[in-house]
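Engineer: Residue numbering for the sequence shown follows our numbering, beginning at 896 and increasing consecutively. Let me give you the structure first, and then I'll get to my questions.
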Amino acid sequence: MRKRAAKKRPLLPDPKFNDQLVTRFVNMMMWDGKKSVAFKVFYDAIAIVEEKKTDDEKTALETWKDALSNVMPHVEVRSRRVGGATFQIPMQIRPDRKVSTAMKWLISYSRKRNEKSMAQRLASEILAAAKEEGAAVKKRVDTHKMAEANKAFSHFRF
896 MRKRAAKKRP
906 LLPDPKFNDQ
916 LVTRFVNMMM
926 WDGKKSVAFK
936 VFYDAIAIVE
946 EKKTDDEKTA
956 LETWKDALSN
966 VMPHVEVRSR
976 RVGGATFQIP
986 MQIRPDRKVS
996 TAMKWLISYS
1006 RKRNEKSMAQ
1016 RLASEILAAA
1026 KEEGAAVKKR
1036 VDTHKMAEAN
1046 KAFSHFRF
């Protein structure tokens, strides 16, 4: 390789919860560089989660983290050409990729919901994912099923 891998830039923790994971999530949710809008949407969603949640001993932020870990995939399929045929090969996922994939799925399936505001959509997707249901969790289950179905090709891994 001629170029080195880009080094990870440190993220500033968010102002309210002092958590870097929140900043990472908000950065993914942000559109057109409007970070303050994205933060407002996230904080509103967390407030809605706080109202609606059933589990009293957990904070809304912990509920969000649970939802994120419920959406996180552990294996995925990667395409690989072997002698003219393309195989879907199941592979373990790096920890940072697990988190970012989970965030992407949570955000994209929140956007596809049909509540009024993005905060409400995000809140309901978080609550659903925390209970092991919802579209984002279904996506993780489907990914795992796909990897399971293609386990026979795992010897093509390098």
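Built from N, CA and C at the ideal position, the CB exists for glycine as well. From a predicted model like this one, the values you see are computed outputs, not experimental measurements.
#1: Does S1012 come out as helix, strand or coil in the three-state DSSP assignment?
#2: So, helix, strand or coil for E1020, using DSSP?
#3: Take M1013 and list the residues in its own chain whose beta-carbon comes closer than 6 Å to its own, dropping the five residues that flank it on each side.
#4: Provide the residue(s) that pair with I984 in DSSP beta bridges, ordered along the chain.
#5: Alpha carbon to alpha carbon, how far is K929 from D939? Give it in angstroms, no decimals.
#6: Out of curiosity, what's the CA-to-CA distance linking S1049 and Q983?
#7: Could you tell me the boundaries of the alpha helix (DSSP H) in which D991 lies?
#8: A1030 to Y1004, Cα distance in whole Å?
Structural biologist: So, from the data block:
#1: When DSSP states are grouped into helix, strand and coil, S1012 belongs to the coil group.
#2: Here E1020 sits in helix by DSSP.
#3: Once the five neighbours on either side are set aside, the close Cβ partners of M1013 are V936.
#4: For I984, which the question treats as bridged, DSSP gives the partners R973.
#5: Rounded to whole angstroms, D939 to K929 spans 16 Å at the Cα level.
#6: Taking the straight line from one Cα to the other gives about 9 Å.
#7: Start and end: P990 to R1006.
#8: Distance between the alpha carbons of A1030 and Y1004 is about 6 Å.
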